[in-house]
Each structure stands twice: as C-alpha cells, then as structure tokens.
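Notes follow once the structure below has been shown.
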Amino acid sequence: MRDYESVGTWLAGLREQWGEEPADVEGRLQTLARFCEFAEREPDALISDCSRAVEGGKRIRIKARRLYSEKIDEFQATLGSDARAQARTGNVIRSFMIHNGIFMQGGVAT
Amino acid sequence: MEFKEVVGRRRSIRFFEPDKTVEREKVQVILETARLASCAVNAHWLRAIVVERDKIPPEKLSQLKTPVAALALDLAPLHIYFFCDLGVVKRMKGSRLRELVDAGALAPTHGWSHKFVDDFVYPQILEPMTNNLQGYLAAAMADCGGAAQNALLAAFDEGLGACLNTPNPMLTKQVFSVPEDWVSLWVMLVGYPAESWEAGGQRPRPPFEELYFDGDVNTPFKRDPAVVKRLEQAKMIQAPAPLPGRREEIRKLAERLGLPE
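Order-wise, the sequence lines are chains A and B.
Residues in the first sequence are numbered from 2 upward in steps of one, following the numbering used here.
Residues in the second sequence are numbered from 1329 upward in steps of one, following the numbering used here.
Here it is in structure tokens:
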C-alpha cells in the first residue's frame, strides 16, 4: 500500500498534522486496503476519480465525491460492530481522502 | 465580561457540545444585540429565523448543509438563519428616518426635517436606490453584517460559542418559505463549545499596517506598541494560534465525536 502515491500523500499529511505517524498506521493501511477491495478501486484511482485538472489547479468532482462518501458509509455498515466502531473505521478512509485534498465530512458519532 | 475581552474571545467555534441546549433567554440577548446595531436610514434590513437543530426535519436539514458546513450544522444545537429583507425601504417609505428626526438624532442643525425626508430623501434617493439591485444589496448587506457581528459578540458574552457560515441561499429560502424579497445571508451556529474557549488561540490576522492608513494610502497607520500592550492586558489581543496542546485537543475531540483525523 505504501507504494501508492496517494498513500504516501496521506501518511505525509498525517505526519504534518500530528507531528508523527500514527501508532496504528499498519492497521489503517489494512483498513484502506479492505475498502479498496470493497470499492474495487486502487487508492490512486479513488483520488483521481474525485478530482480533475483545470487551468490553475484542480476541481473536485462532486458526484464522484458523493459516490465515495456513500461507499464509505456502506463499507462501515458491513462491519459487525457498534456505530462508534463503524464510524472509526470509516473515518480512516475519510482521513485518506481528506489528506489527499478531497474535502469530506462524516457525521457525528457519539 | 468587559467589551474588549469579548472582542478578544470571539473566534469561529467549530466544535460544539451537540446535546447541550442553548437557553432561550441567551438567544433573545443575541437578537436584542443585533437589533441595536447601527443601521443606515434606520431601515433595519436584518431578519433572523431561529431554529433548534433537532427540530429541523432531517430532509430540510440536509438541504441546509453545504459541503464545507455539514458537520458544523450537525454539531451546533442552535441555528440562527440571517436574511436581508430588501422590501423594507419601500414598505417604510422613509417613516423610520422621520422617527430619527423625532428622536433628535437627525436635527435641523444638520439639515434634517420631516419635509426633507418626505419630499427629497425617500423619493429621490431611497426609493430609486432600491431599483439598483447590486448597489442596494451591497449597502443593505453591509448593515446586516454589522448586526450579525453584534450578534456574534453577544453570543460570546453569554458564555456561548458561535460561527457564521454561508448556506445555499436558494435552498435556505425554500426551506424556510421566506418572502420573495428576502435574501439569505448567513447561518450563525450557536452552542456551548466542546473545545476550550481558546480554541487553539487567536487566529492570524494580516499585519496591522497593511490594513490601515494615516491620511493617505501610502502612509501606514503606525501601530503603537503601548496600545497593543494595553489591549493585551484587557484581553482583546490574546495568544496567537496554534497554542500548545491544540493538536491533542483536536485529536481528543475527533475521538469523542467520532470524526476523522
């Protein structure tokens, strides 16, 4: 997983945000791998699906972002655990998207 | 709280205690403060619709969310939707200006009279102004901004947190079925902060002398360090962001509220 550019960007973003790589990084990479299998897309493709190059930068593909946001919700719902644990897993994927520049918000799971 | 400290404490709060109710009396204080803002020609364009988040039907709440403000709308227990009532000038026909003459706020010393309002100001200035939508909207919105700023400061003075967001204007009008001549402006999200009141520190501002000028645009207004020190003592100027511990605070909030990091 670490060979993918988008994964490298994600991990660099986490290091920049939190000052270090998360202690559970291997678990997060496995979660991302499971999601990619679920969505039938590789990590770099998830990101490129959600954005397109325009003059001066990039634009978010809103429909694709919505599609993957729903896919994340579906993915976390397949996990046989409580809502908080499901959200925690889904948030790993959201974190991947966010640190790759794809703005995304999950709901509140208290 | 002293005024300067209120100004210093105000910052956009984005983590709210989602289930802690905002007391109705505090909401009224916020609205009363907005009502007392300065307002051109005493028109008072600002309107507000107050809603508790949990009383908004889910399908309507969904319409009110924009991609960058969805989470904040979910977290804030109270929303105040601000609108600009563009129809007010034509409805009032200068009557509120005449009120200012009666109040002694606009006096003959400064050239004002009822007759001046009725024969000149309303028909020759105010009424035509409403036909130039771009200019009229800019002027009305500027005043609405002042009132909204009053509302923000009042929220912080009441021990609350708040943040302005911009909802989709067309959808907001639809959701609340407001009159056609109302323009949707902002939603003020209100609640008790889940983050510390410092919220990581005072947010960055451009250098003072890039913003303000002394007499002409080529002469910056020199910032006096003694005044800065006085404002620091009055807690208007506070420790800048990011404060130590902010990352850990965000991480704990993410964990508590089930948010991505």
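Quick reminder that beta carbons are idealized off the backbone N, C-alpha and C, glycines included.
Can you pull the chain B neighbours of residue i, defined as C-beta to C-beta under 7 Å?
| i | result |
| --- | --- |
| residue 62(A) | By Cβ distance, chain B contributes nothing, its closest Cβ being about 12 Å from residue 62(A), past 7 Å. |
| residue 88(A) | 1586 |
| residue 53(A) | Near residue 53(A) there are no residues of chain B at all, since even the closest Cβ is about 16 Å away, more than 7 Å. |
| residue 99(A) | 1588 |
Counting only beta-carbon atoms, is residue i nearer than 8 Å to chain B?
| i | result |
| --- | --- |
| residue 11(A) | no |
| residue 96(A) | yes |
| residue 107(A) | yes |
| residue 92(A) | yes |
| residue 20(A) | yes |
How about residue i: is its C-beta nearer than 8 Å to some C-beta of chain A?
| i | result |
| --- | --- |
| residue 1575(B) | yes |
| residue 1399(B) | yes |
| residue 1589(B) | yes |
Based on the DSSP secondary-structure assignment, which residues constitute the bridge partners of residue i?
| i | result |
| --- | --- |
| residue 1393(B) | Partner(s): none; residue 1393(B) has no beta bridge. |
| residue 1568(B) | 1530(B) |
| residue 1408(B) | 1378(B), 1516(B) |
| residue 1511(B) | 1412(B) |
| residue 1596(B) | Residue 1596(B) lies beyond the range of chain B shown here (1329 to 1589); nothing can be said about it. |
| residue 1521(B) | 1344(B) |
| residue 60(A) | 53(A) |
| residue 1491(B) | 1517(B) |
Can you list the residues of chain B that residue i reaches, using a CB-CB cut of under 9 Å?
| i | result |
| --- | --- |
| residue 79(A) | Per Cβ cutoff of 9 Å: no residues; residue 79(A) is ~17 Å from chain B at best. |
| residue 112(A) | With chain A covering only 2 through 111, there is no way to say anything about residue 112(A). |
| residue 31(A) | What residue 31(A) touches in chain B: nothing, since even the nearest Cβ is about 17 Å away. |
| residue 104(A) | 1395, 1396 |
So which residues of chain A does residue i contact, with C-beta pairs closer than 8 Å?
| i | result |
| --- | --- |
| residue 1402(B) | 108, 109 |
Anything in chain B within Cβ reach of residue i, meaning under 8 Å, just list it in chain order.
| i | result |
| --- | --- |
| residue 85(A) | 1586 |
Quick one: measure Cβ to Cβ for residue i and residue j, integer angstroms, because I've assumed they're closer than 8 Å.
| i | j | result |
| --- | --- | --- |
| residue 1357(B) | residue 1486(B) | 6 Å |
| residue 94(A) | residue 30(A) | That pair is no contact at about 12 Å. |
| residue 1420(B) | residue 1371(B) | 7 Å |
| residue 1495(B) | residue 1515(B) | 5 Å |
| residue 1446(B) | residue 1474(B) | In fact, because the Cβ distance is near 27 Å, the residues do not count as touching under 8 Å. |
| residue 1348(B) | residue 1519(B) | 7 Å |
| residue 1489(B) | residue 1532(B) | Between residue 1532(B) and residue 1489(B) the Cβ distance is about 19 Å, and since that is not below 8 Å, they are no contact. |
| residue 39(A) | residue 76(A) | 5 Å |
| residue 1491(B) | residue 1554(B) | In fact, because the Cβ distance is near 33 Å, the residues do not count as touching under 8 Å. |
Interfacial residues, the region 1370-1397 of chain B to chain A, with Cβ spacing under 7 Å: 1395, 1396
Cβ-based contacts, 9 Å cut-off: residues of the region 1344-1369 of chain B near chain A: 1346, 1347
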